[in-house]
Amino acid sequence: MNRNWRIAIILIIIVSVLSSCNKQGQVKEEIVEEESQSRIKYGFPIDEYRVVIDTVRSNETLSDILGRYNVSSAIVHRLVERSENIFNVRNIRADKQYSLLFCSDDSTAMPQYMIYEKSLSEYAVIDFSDSITVSLEQHPKENHTDVYGNTINKSLWHSFVENGETPALAMEMASVYQWAIDFYNIKKGDSYKIAYTQDYVEGKPIGNIKPIASSFTHQDSTYYAFWFQKGETKGYFDENGASLHKAFLKAPLKFTRISSKFSGSRLHPVLKYRRAHRGVDYAAPTGTPVRSVGNGTVIKKAYQRGGAGNYVKIKHNKTFTTVYMHFVRHVKSLKVGQRVSQGDVIGYVGMTGSATGPHLHYGVIKNGKYINPLSMKLPPSKPLKGELLERFMETRDSLLYLIDKKPSDLQSPN
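Mapping the sequence shown onto full-length UniProt numbering, position 19 (from 1) lands on 19, and the numbers just tick up by one.
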């Protein structure tokens, strides 16, 4: 065999090796047909590579990782420069997983690709093949509908986490009912069921929880909520098509407990004599965010020594004003005269002023007189009408089975 033939054979072998290890898996047609079941991961025919999987160690940099796999500091420097506007490689985090894809079993070879798991849904692909490139990609997502229910033993929060459910689901349910149910006043034996959608990646839930139907039974009353959206109309509605959204939230905190109720005569814990308690005390850890229960204007932001401590007063309309006391601090940007929206954070729970422990004192003033926040009644929401109501009823009935209900369960007894 002459020299030219030997060179030609060597070139053919090199081309064959190179073509068998690329992102598209482009090899001879008959081989593609045989390996049509090859696993695809990160967009690669993953079985055609030697794969090293590891996690970022504490205080480890990208340079530390790649240096162990024969990537020079010059290449790492170019990588940092070229990725700056796409993915800041300086911000890799400990315990995050990465994968290195090699086209050779040679221990001196550098990887062809690196995949860094930026989050549960997103990953970065670093391509070392020709010119160094970096791209951010999304894992394929599936949206599933799940259902969870339980009976209250201690608290709503505990009823979720005791069975390994994510606290985020408890927060979502509290948000759905924040205008209808005071979760500081629920009782042992209350029960609920919630149907919700969330995203999955490779069979694992990654969040984006969206409640779509729920029922909550408190003593002898059951509260329903159904998500409905058509055109510009969207939100949670009860079984009759009335919006759950009200002018006031049921409480200015999401999860705490009531430590003292509204009373005409209460033994003051600090002063040790009886006096009226014109509000509700919510015990909560220092720093817990406090929300405005409704839209309004800040008319007072001050400190009262030996009394309210750091407090805020908000006027909502001609009838209602609310007051929030004992903040560890106000929100710095909050100003007197400023408009706030329902749910805006206005301060943080503390024990300034006259207080024996961290808590929020919440008061409601109606027409100049303090009233019991727990028994405050607000006008009912206007229900949907006409075609919107018809469409809502169709949606409602299609969701009921998820929470083990049927339309006849919603009919009031004669």
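Just so it is clear, CB atoms sit at the ideal spot from N, CA and C, and this is done for glycine as well.
No experiment lies behind these values; they were computed from the predicted model shown.
With distances taken Cα to Cα, identify the nearest neighbour of Asp378 among Val147, Ser99, Thr61 and Trp179. Going by the sequence as given, residue 378 is Leu instead of Asp. Nearest C-alpha to Leu378: Trp179.
Margin query: Could you give the first and the last residue of the continuous beta strand (DSSP E) run that contains Glu394?
Written below: Premise fails: Glu394 lies in the alpha helix (DSSP H), Gly386 to Leu399, not in any beta strand (DSSP E).
> Hey, quick one: how far does the alpha helix (DSSP H) through Arg78 stretch, first residue to last?
Replying inline: Segment Ser73 to Ser83, the alpha helix (DSSP H) holding Arg78.
Given this structure, state the Cα-to-Cα distance separating Ala308 from Gly353, to the nearest angstrom.
5 Å
Exercise for review: Would you mind working out which of Thr297, Val323 and Gly287 sits nearest Tyr303, comparing C-alpha positions?
Suggested key: Closest in C-alpha terms to Tyr303, from the list Thr297, Val323 and Gly287, comes Val323.
- Query: In the stretch 96-121, which residue ranges form an unbroken beta strand (DSSP E) of at least 3 residues, counting only runs that do not cross its ends?
  - Reply: 97-102 and 113-116
Note to self: Can you tell me whether Glu162 is helix, strand or coil according to DSSP?
What the structure shows: Correct three-state label for Glu162: coil.
query: So Asp199 and Lys250 are in contact, right, with Cβ under 8 Å, and what is the actual spacing, rounded?
result: The pair is not a contact, with the Cβ atoms about 29 Å apart (cut-off 8 Å).
### Message
Pairs of beta-carbons, one from the stretch 346-361 and one from the stretch 279-298, closer than 8 Å: are there three or more?
### Response
yes
Count the other C-beta atoms from every protein chain shown that fall within 10 angstroms of the C-beta of Thr321, then say buried if there are 16 or more, exposed otherwise. buried
**Message:** Any contact between the stretch 89-96 and the stretch 39-47? By contact I mean 3 or more CB pairs, one from each, below 8 Å.
**Reply:** no
Worksheet entry | Pick from Pro205, Glu202 and Met173 that is closest to Ile212, judged by C-alpha positions | Met173
Arg90 - DSSP class collapsed to helix/strand/coil: helix
ask   = What do you reckon, are the CB atoms on Tyr362 and Gly279 nearer than 7 Å?
value = yes
Going straight from the alpha carbon of Pro252 to that of Val340, what length do you get? 13 Å
Terminal residues of the continuous alpha helix (DSSP H) containing Pro167? Where Pro167 is concerned, the enclosing alpha helix (DSSP H) stretches over Pro167 to Val176.
* Given a cut-off of 7 Å, decide if Gln342 and Asn310 are closer than it, judged by their beta-carbon atoms. => no
*asked:* Taking 8 Å as the cut-off, does the stretch 100-110 touch the stretch 118-126 (at least 3 CB pairs, one atom from each stretch)?
replied: no
Taking the alpha-carbon positions, what's the Ser214 to Asn143 distance?
18 Å
Q) If you count every other CB in all the chains shown that lies within 10 Å of the CB of Pro358, and 16 or more means buried, which is it? A) buried
In the DSSP output, what is Met351 paired with across the bridge? Per DSSP, none; premise fails for Met351.
Practice prompt. Taking Ile65 as part of the alpha helix (DSSP H), name the residues at either end of that continuous run.
Written response: Leu62 to Gly67 is the span of the alpha helix (DSSP H), which, as asked, contains Ile65.
Practice item. Measure how close the beta-carbons of Ser398 and Ser243 come, nearest whole angstrom, since I'm counting them as under 8 Å. Key: Between Ser243 and Ser398 the Cβ distance is about 19 Å, and since that is not below 8 Å, they are no contact.
Q. Under the three-state reduction of DSSP, which class applies to residue 427: helix, strand or coil?
A. The question about residue 427 has no answer here: the residues shown for the chain are numbered 1 through 414.
- Ends of the beta strand (DSSP E) at Leu402? Unbroken run through Leu402: none, as it is neither H nor E.
Considering only the beta carbon of each residue, do Ile132 and Arg78 sit closer than 7 Å? Cβ atoms of Ile132 and Arg78: closer than 7 Å.
Practice problem: In angstroms with no decimal places, state the Cα-to-Cα distance between Ile194 and Ala247. | Solution: 24 Å
Which same chain residues, not among the five before or five after Lys141, have their C-beta less than 8 Å away from its C-beta? Residues Ser121, Asp199, Tyr200, Val201 and Ile206 of the same chain have their beta carbon placed closer than 8 Å to that of Lys141, with the five preceding and five following residues left out of the count.
Q) Under a three-way DSSP split, which group does Leu334 fall into? A) coil
Review point. Sorry if obvious, but does the Cβ on Thr222 come closer than 6 Å to a heavy atom of the ligand GTP?
Key: Looking for the ligand GTP in the displayed structure turns up nothing, as the structure carries no ligands at all.
Which same chain residues, not among the five before or five after Leu388, have their C-beta less than 7 Å away from its C-beta? Lys230 and Thr233
Might you give, ordered along the chain, the residues of its own chain that have their beta carbon closer than 7 Å to the beta carbon of Asp54, omitting 5 neighbours on each side? Tyr98
- prompt: Whose C-alpha, out of Lys96, Val71 and Leu374, is nearest the C-alpha of Ser129?
  reply: Sorting Lys96, Val71 and Leu374 by C-alpha distance to the C-alpha of Ser129 places Val71 at the top.
Who are Val56's beta bridge partners in DSSP? Beta-bridge analysis with DSSP links Val56 to no other residue.
Report task. For Ala94, count neighbouring C-beta atoms within 10 Å of its own C-beta (all shown protein chains included) and say buried if the count is 16 or more, exposed if not. Result -> exposed
Checklist line | Whole-angstrom C-beta distance between Lys254 and Met171, which should lie under 8 Å | finding: 7 Å
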